[in-house]
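K.L.:
The structure's right below; bear with me while I get my questions together.
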Amino acid sequence: MAKDFVTTLVYARSFPIVGRGCYYLLKILGLEIPISVVVGEDLEIPHSGFGIVIHPWTKIGDRVKIYPGVTIGRGDIHRAITESNFKGVEVSNDVILAAGCKIIGGEGLLKIGQGTIIGANAVLLQSTGENEIWAGVPAKRIGVREPPV
């Protein structure tokens, strides 16, 4: 269930008639979340999420929290999409993407494991396990998180 105006717009993107309008309204508000992005239940976007950019081939699980300035994209933007081996990004359930973090996929599918935290301004270039904490540039595993209750 949507908790505020921005998350209401994110979920409304999938409605046949009003979806495109919601997508463009999100863009005006500073969020790029294409209609093709699959979003699970109970998405949370604190502080209105200004500056969030998500690649169209992204799947977001349940209870994910995405802070402002987060980018999810592909690392081989110098190639035409038809020449890329990028398959998308999968964000599992209960993940926290802290302010300004960048998730940059390369070859294949980049998966962020359930319960993982990506720290503020981290640049994640690889898949993670479950309940891990990643930080730095490039991001490295710095700890483990107690599984969410």
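Add 107 to a position in the sequence shown, counting from 1, and you land on the number used in the working numbering.
Using N, Cα and C, we set each Cβ at its ideal position, and we do this for glycine too.
All of these numbers come straight from a predicted model, not from anything done at the bench.
#1: If we define contact as Cβ-Cβ less than 8 Å, is GLY222 a contact residue for chain D?
#2: Apart from the five residues on each side of it in sequence, which residues of its chain come closer than 6 Å, Cβ to Cβ, to GLU139?
#3: Comparing C-alpha positions only, which one of GLY156, SER191, GLU151 sits nearest to GLY58?
#4: Whose C-beta lies closer than 7 Å to the C-beta of VAL230 among residues of the same chain, with five residues either side of it excluded?
#5: Taking only the alpha-carbon atoms, compute the straight-line gap between ILE173 and SER155 and give it to the nearest angstrom.
#6: Ordered along the chain, which non-local residues of its own chain (more than five positions away) have a Cβ less than 6 Å from that of ILE240?
#7: Compute the Euclidean distance between the alpha carbons of ILE203 and GLY222, then round it to the nearest angstrom.
P.N.:
Put simply:
#1: Considering every chain present, this structure includes no chain D. It has just one protein chain.
#2: One-based indexing of the sequence shown puts residue 139 at position 32. These residues qualify, in order along the chain: VAL160.
#3: Residue coverage of the chain in this structure runs from 108 to 256, which leaves residue 58 outside it and unanswerable.
#4: Numbered from 1 along the sequence shown, position 123 holds the residue referred to as residue 230. If we look at VAL230 and ignore the five residues flanking it on each side, its Cβ neighbours are LYS209, ILE211, VAL244, PRO245, ALA246.
#5: Position 66 of the sequence shown holds residue 173. Position 48 of the sequence shown holds residue 155. The straight-line gap from Cα to Cα measures roughly 10 Å.
#6: In the sequence shown, counting from the first residue as 1, residue 240 sits at position 133. Result list for ILE240: ILE224, ILE249, GLY250, ARG252, in chain order.
#7: Your numbering for residue 203 matches position 96 in the sequence shown. Your numbering for residue 222 matches position 115 in the sequence shown. Taking the straight line from one Cα to the other gives about 7 Å.
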